Amino acid sequence: MSLKWIFVSPDGRPRSLWRILLFLVVLIVIFYLVSISLVSYKIIPVQSTFFFFYISVAISTYIMLQLIDRRRFSSVGFPAHGKVLYEIVVGFLVGAAMISTVAAFELIVGAIKLSFRIDLSFVSHVQNFFLSFLFFGFFALGEELLFRGYVYQALIEGIGEVLATILMAVVFGGLHYMNPNATFFSTINTIIAGLWLSVAYLKTRALYLPFGMHFAWNFLQGYVFSLPVSGLLSSRTLFLPTDFGPNWLTGGVYGPEGGVGATLVLLLATVALMLNKHITPKYNYEKLKERFESQQIS
Numbered sequence: 001m002s003l004k005w006i007f008v009s010p011d012g013r014p015r016s017l018w019r020i021l022l023f024l025v026v027l028i029v030i031f032y033l034v035s036i037s038l039v040s041y042k043i044i045p046v047q048s049t050f051f052f053f054y055i056s057v058a059i060s061t062y063i064m065l066q067l068i069d070r071r072r073f074s075s076v077g078f079p080a081h082g083k084v085l086y087e088i089v090v091g092f093l094v095g096a097a098m099i100s101t102v103a104a105f106e107l108i109v110g111a112i113k114l115s116f117r118i119d120l121s122f123v124s125h126v127q128n129f130f131l132s133f134l135f136f137g138f139f140a141l142g143e144e145l146l147f148r149g150y151v152y153q154a155l156i157e158g159i160g161e162v163l164a165t166i167l168m169a170v171v172f173g174g175l176h177y178m179n180p181n182a183t184f185f186s187t188i189n190t191i192i193a194g195l196w197l198s199v200a201y202l203k204t205r206a207l208y209l210p211f212g213m214h215f216a217w218n219f220l221q222g223y224v225f226s227l228p229v230s231g232l233l234s235s236r237t238l239f240l241p242t243d244f245g246p247n248w249l250t251g252g253v254y255g256p257e258g259g260v261g262a263t264l265v266l267l268l269a270t271v272a273l274m275l276n277k278h279i280t281p282k283y284n285y286e287k288l289k290e291r292f293e294s295q296q297i298s
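Positions 1 to 298 (this note's numbering) are the ones given, in order, by the sequence shown.
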């Protein structure tokens, strides 16, 4: 009996596991070639390598789709339809409402205190706003492409939606455990956030909605409410946090994602998203699959 079935799926592509491994190899090679070259020649500082990591994710995704899957880049989660902006805006509003609920509760009960940054000029505040908007937008898009893009979708093909979603959520949380001041509780919250964002992808079969939610959550948390985002505190903030309450409530120096407020909001939002019958793909799954296949490159 031929062992070809271990490596090749019926549609002629390598099976999901091999495609994921190949994607990771391509990503590592591209990232290290680009970052080491740029840092070695002092074109960029070492601190900027994460920016190029997400550029490498996009390049690796493009290469895999073009050379292995024979599909266009848009098929990874950027289908062209009339509701693209709508899904991004709705996602942004949902994410903004969620993190605002967490922050507002902590402010009302006195768990955190914020003071407006009078040390900055109006021009500096405007500059910080736009730079923060671009920064958090870029990293939200990069993380969505990494965690809800090619690898996640290949996993779905291989082991199904439920197992793929749980596995990627655990990976999402586990990698954030390496952030400064991370705790077991913050990791659990990040796993729930991974489920929340994955459900948004599954409901729409596109990355627009999860990108909008992720972007707003991080932007408002890091710039508007000026709190640490996954243990990282931005220097470009609207306020200065002057006090943090108990860690179990506020997450302490890790930020709201390490507190119980975020746990409740993320759980409720995930369940609400799962039960929402109004959020559906702009194409049903079979039509979307046909669309992807029609985007294959001959």
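C-beta: ideal position from N, C-alpha, C; glycine also.
These numbers were taken from a predicted model, which means no experiment stands behind them.
Enclosing beta strand (DSSP E) for residue i [first to last residue]
{"i": "residue 74", "result": "Element bounds for residue 74: n/a, residue is neither H nor E."}
Three-way DSSP call (helix, strand, coil) for residue i in this model
{"i": "residue 243", "result": "strand"}
{"i": "residue 300", "result": "Shown here, the chain extends from 1 to 298; a query on residue 300 therefore has no answer."}
{"i": "residue 176", "result": "helix"}
{"i": "residue 119", "result": "coil"}
{"i": "residue 68", "result": "helix"}
{"i": "residue 80", "result": "coil"}
{"i": "residue 280", "result": "coil"}
{"i": "residue 183", "result": "coil"}
Buried versus exposed, by CB contacts within 10 Å (16 or more), residue i
{"i": "residue 262", "result": "buried"}
{"i": "residue 189", "result": "buried"}
{"i": "residue 201", "result": "buried"}
{"i": "residue 204", "result": "buried"}
{"i": "residue 79", "result": "buried"}
{"i": "residue 115", "result": "exposed"}
{"i": "residue 198", "result": "buried"}
{"i": "residue 103", "result": "buried"}
{"i": "residue 210", "result": "buried"}
{"i": "residue 355", "result": "No answer is possible for residue 355: the residues shown for the chain start at 1 and end at 298."}
{"i": "residue 215", "result": "buried"}
{"i": "residue 242", "result": "exposed"}
{"i": "residue 276", "result": "exposed"}
{"i": "residue 280", "result": "exposed"}
{"i": "residue 172", "result": "buried"}
{"i": "residue 169", "result": "buried"}
{"i": "residue 235", "result": "exposed"}
{"i": "residue 274", "result": "exposed"}
For residue i, the first and last residue of its enclosing alpha helix (DSSP H)
{"i": "residue 59", "result": "49-63"}
{"i": "residue 134", "result": "122-147"}
{"i": "residue 154", "result": "150-159"}
In DSSP terms, what residue i is bridged to
{"i": "residue 171", "result": "According to DSSP, residue 171 bridges with nothing at all."}
{"i": "residue 14", "result": "8"}
Length-filtered (3 minimum) beta strand (DSSP E) runs lying within the region 190-267
239-244
Can you give, in chain order, each stretch of the beta strand (DSSP E) that sits fully within the region 86-117 and has at least 3 residues?
112-116
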